[in-house]
Every structure is written in structure tokens, then in C-alpha cells.
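Residue numbers (the numbering used here): 86 to 166. Just so you know, even glycine gets a beta-carbon here, dropped at the ideal spot from N, CA and C. All values derive from a computational prediction rather than experimental measurement. To start, the structure itself, in C-alpha cells.
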């Protein structure tokens, strides 16, 4: 699967719902300050983006081998970590 704005958008929407469903006082009580709550929300967003890249990112690479044997060329795949 390739990167998808709809899937990522829904993941961000869902992650933010936990914050937007709370009152300002609830957020301050839970996180200690409004700034801490904002930072926590940004970290949740970042985690969703990273997870989307790891799960859906596709990298195409050319692979070339060298050595005493016959050279081979082709394609390969990898993971984002």
C-alpha cells in the first residue's frame, strides 16, 4: 500500500478527538498545563505520521551486486524504521 491522505487524515482526526473532546480544565488537569497538552497533541500527531510512513511507505531501489561472480541488477524493497 502507498501513502494515503485519507487514511492518514482519519488517523490524525481520530487521535485529535481525544483532545478536542475535553474541556480546557480537563486538559490542564491531565497534562499539568495548556502548553503540555499542546505538546502531547503534537506528539500524538507525529506518532500517527511516523506510523503511517512505516506501514504504508514504499521505497523502490535499484540493486546492483559486484564481485567475482556475474553482476546482477534488479530491484529490491526495504522498510522504513
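query	result
Limits of the alpha helix (DSSP H) - the one that residue 114 falls within	109-116
From 125, 137, 141, residue whose alpha carbon lies closest to that of residue 103	125
Cβ-Cβ distance between residue 132 and residue 100 below 9 Å	yes
Whether residue 134 touches residue 109 by CB criterion (9 Å)	no
For residue 95 and residue 113, the rounded distance between their alpha carbons	26 Å
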